[in-house]
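Okay, so here's the structure we're looking at.
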Amino acid sequence: MSVEVSSMGIGGPAVRRPPLFPTLGLLAAAAVVAVLVALSTGGVAVPLDRTLSHLAQAVGLPGTPLSARDLAVLTTLRLPRIVLAAAVGVTLGVAGASLQAIFRNPLADPGLVGVSSGAALAGAVTMILGVSGFGLAARGLSLATLLPVMAFLGALSATVLILVLARREGRCSATDMLLAGIAVNALGGAGIGLCSYLGDDQALRQMTFWMMGGFGGAAWAQIGPVLALMVVAAVGLMANARRLDLYALGERDAFLLGLDPHRFAVRTVLLVALGVGAAVAVSGLIGFVGLVVPHMIRLWLGPAHRRLLPAVALAGAALMILADTAARTIAAPADVPVGLLLGAVGAPVFLGLLRSRAGRLAV
Amino acid sequence: MLHTEQVSVTAGRARLIDGVSVALAPGRMLAILGPNGAGKSTLLSVLSGERAPTAGRVRLDGQDLHALPAHHLARRRALVTQHPSAGFAFSVDEVMDIATEIAPLGAAERRRLIADSLRAADAEGLRSRLLPQLSGGERQRVAFARALAQLAAGQRRGTRTATPYLLLDEPTASLDPAHQHHLLRAARAWVGSRGGGCAVILHDMTLAARYCDDGLLLAGGRMVWTGAMADLPVPALEGVFGTRFARLPSPDGDGWIYAATGHPPLDNTDNNS
Chain D
344 MSVEVSSMGI GGPAVRRPPL FPTLGLLAAA AVVAVLVALS TGGVAVPLDR TLSHLAQAVG
404 LPGTPLSARD LAVLTTLRLP RIVLAAAVGV TLGVAGASLQ AIFRNPLADP GLVGVSSGAA
464 LAGAVTMILG VSGFGLAARG LSLATLLPVM AFLGALSATV LILVLARREG RCSATDMLLA
524 GIAVNALGGA GIGLCSYLGD DQALRQMTFW MMGGFGGAAW AQIGPVLALM VVAAVGLMAN
584 ARRLDLYALG ERDAFLLGLD PHRFAVRTVL LVALGVGAAV AVSGLIGFVG LVVPHMIRLW
644 LGPAHRRLLP AVALAGAALM ILADTAARTI AAPADVPVGL LLGAVGAPVF LGLLRSRAGR
704 LAV
Chain C
274 MLHTEQVSVT AGRARLIDGV SVALAPGRML AILGPNGAGK STLLSVLSGE RAPTAGRVRL
334 DGQDLHALPA HHLARRRALV TQHPSAGFAF SVDEVMDIAT EIAPLGAAER RRLIADSLRA
394 ADAEGLRSRL LPQLSGGERQ RVAFARALAQ LAAGQRRGTR TATPYLLLDE PTASLDPAHQ
454 HHLLRAARAW VGSRGGGCAV ILHDMTLAAR YCDDGLLLAG GRMVWTGAMA DLPVPALEGV
514 FGTRFARLPS PDGDGWIYAA TGHPPLDNTD NNS
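Structure, rendered in structure tokens:
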């Protein structure tokens, strides 16, 4: 009665996914190493062994405390920058992976499809007009508060525009999406150009550096609210993992397996816009993290989001901390914008992915 | 019971189905027959709750199907579509995991349930293969296994007595003859063991006569005939398909073998009744 079935067929080889927890352990270790490297690297040399020794005595083990100056360098200069870089890395990575599931296309990236440029345009407008331009100065609102809100709205508008432009019969093809992204990016670029033309010297300089992307000047007081927004977005997106898996099967299958696909897509896009808006507001344009990190992890662990998202979060944090450390050391004392650095490294990687067999496989 | 009351579906100007009433009963298997474009898939889509009828009602145990939330429906009915999706490179195991997550199950129970479903669909050998790399027939078997696993998980969660419904849209289209029989035998066994109701779109009258209790013949969105499969009138079949059918007793002694001969039907049967 049983029908002969073989593992031959045309289906290619069996896949074996690596176990999740050792992989996460490995990535967590990489993130910790990245933090330690970042802490001990910089203009003021604070060797790692002395930092560890300080940490040891702080928890009651034998060790010697750091000098007050060194400690201040670590806690007020380097640590906020590391925390911010980690949060942006996590947010962009998780947001990228989520967008890829929603577009059902592994090439979707907040930067590539124009979500970031929507946020950037809104941010640029805010910077040029200034707080006074919105008539909000009297209410005690600062640029630091207004910027994330505006960036979120910009990111959201761009996302909705892309979804509307690129969707045909409930699916976004790679071509339509990239074309829509080009259009939205061009629109954002034109708007930003207009802002630069209209802005005065000081606003222009502030805007230009902001858009290159970087974590320079991160201080606890300034990054607090934005960190909170990114945590909300990242946690919200990670909690979506199971539903993202359903959605990735296709809208029809998602419904048949119990998900309301339209409501879910809207909620996910809102969370992505929130996270990307916050990230862009605080650190400018940092591309390719949302594309390359999920892609690499997907090749390693497979596309199931419950495995993918935590790994992407850890890898995104580690990558961003290391990239930022490199950005502030390769031309020290100059602080190279990390967005430029990642762009220079990320663009060739992206081109490679476009051409590779692996890139097609994951579609 | 899952049934429609005079449902119609229009898309633009076209009437895809027109006043069709059909009931899926526990323990019975219904064959939906008819030429291409007769509205068979639309009817199945309406029965699944995926498509809302423009007129008429669909009811599950007396409740309006469209008033029920998607996650509730997912535990009661599964639809195997004609073109099972292959988006991201999920492995078969991963897809089975996703499909059974409609209910919270213990890991051991989930594993057992998935293994049983894959075995029933003769897809065990495909477990660690990637979905986009499967052949059409392999994908169809996996989709069938997924539906069985989904309903098994739904039954664990829901009240044990609630009848599950299995909707199959041309599940045998890409299968070799042996697997066609295997799949329908498995559906039949599922109907028997789970007490579920099953509707299956088929183009092979021999398979329909062999495995289904009841039949529904559609043409142009309208119901032409319904009744026990054993009573399927050859003239109605010939009228609907516009070709002559030969019906022979099966040499194995179980049921009939239907064959479309390709000749025009005899003139006195050339109408749709």
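Protein chains in written order, with the numbering used here: chain D, 344 to 706; chain C, 274 to 546. The beta-carbon is built from N, C-alpha and C at its ideal position, and this holds for glycine as well.
query                                                                                                                                                                       : result
Taking Cβ-Cβ distances shorter than 9 Å, what residues in chain D pair up with residue 351(C)?                                                                              : 599, 600
To the nearest angstrom, how far is it from the Cα of residue 689(D) to the Cα of residue 695(D)?                                                                           : 10 Å
When burial is assigned at 16 or more other CB atoms within 10 Å of the CB, is residue 442(C) buried or exposed?                                                            : buried
Using a cut-off of 9 Å between C-beta atoms, extract the partners of residue 347(C) located in chain D.                                                                     : 598, 599, 600, 601, 602
At which residues does the beta strand (DSSP E) containing residue 470(C) begin and terminate?                                                                              : 470 to 474
Going along the segment 640 to 664 of chain D in order, which residues come within less than 7 Å of chain E, judged by CB to CB distance?                                   : Considering every chain present, this structure includes no chain E. Its protein chains are D and C.
In chain C, what lies closer than 9 Å to residue 519(D) by C-beta?                                                                                                          : The premise fails here: residue 519(D) is roughly 16 Å from chain C at the closest Cβ pair, so nothing lies under 9 Å.
Please list, in chain order, all residues of the same chain as residue 410(C) whose beta carbon is under 6 Å from its beta carbon, the five residues on each side excluded. : 447, 448
In this structure, does DSSP put residue 403(C) in helix, strand or coil?                                                                                                   : strand
Would DSSP call residue 467(C) helix, strand or coil?                                                                                                                       : helix
On the three-pair Cβ rule with 8 Å, is the segment 291 to 306 of chain C touching the segment 471 to 487 of chain C?                                                        : yes
Using beta carbons (cut-off 8 Å, strictly below), is residue 588(D) in contact with chain C?                                                                                : yes
Quick one: complete alpha helix (DSSP H) runs, 4+ long, within the segment 419 to 467 of chain C?                                                                           : 450 to 467
Kindly say whether residue 417(C), judged by its beta-carbon, lies nearer than 8 Å to any beta-carbon of chain D.                                                           : no
Helix, strand or coil for residue 530(C), going by three-state DSSP, please let me know.                                                                                    : strand
Mind checking whether the beta-carbon of residue 671(D) lies closer than 7 Å to any heavy atom of the ligand COA?                                                           : Within the structure as shown, the ligand COA is missing, as the structure has no ligands at all.
DSSP beta-bridge partners for residue 418(D)?                                                                                                                               : DSSP, once it has assigned bridges, lists no residue as partnering residue 418(D).
For the alpha helix (DSSP H) containing residue 291(C), list its first residue and its last residue.                                                                        : Careful: residue 291(C) lies outside any alpha helix (DSSP H), inside the beta strand (DSSP E) at 287 to 297.
Of the choices 615(D), 589(D), 565(D), whose alpha-carbon is the least far from that of residue 424(D)?                                                                     : 565(D)
For chain C, find out if any of its Cβ atoms is closer than 8 Å to the Cβ of residue 592(D); answer yes or no.                                                              : yes
Tell me whether residue 397(C) sits in a helix, a strand or coil according to DSSP, three-state version.                                                                    : helix
Quick check: is the beta carbon of residue 315(C) nearer than 8 Å to any beta carbon in chain D?                                                                            : no
Just to make sure I have the definition right: I need the residues of chain D whose C-beta is within less than 9 Å of the C-beta of residue 421(C). Which are they?         : The premise fails here: residue 421(C) is roughly 13 Å from chain D at the closest Cβ pair, so nothing lies under 9 Å.
Buried or exposed for residue 428(C), going by 16 or more other Cβ atoms inside 10 Å?                                                                                       : buried
Distance, Cα to Cα, residue 401(D) vs residue 420(D)?                                                                                                                       : 20 Å
Rounding to the nearest angstrom, what Cα-Cα distance links residue 603(D) and residue 397(D) in this structure?                                                            : 52 Å
Within the segment 548 to 608 of chain D, note down every full alpha helix (DSSP H) run reaching 4 residues or more, in order along the chain.                              : 563 to 581, 584 to 591, 594 to 599
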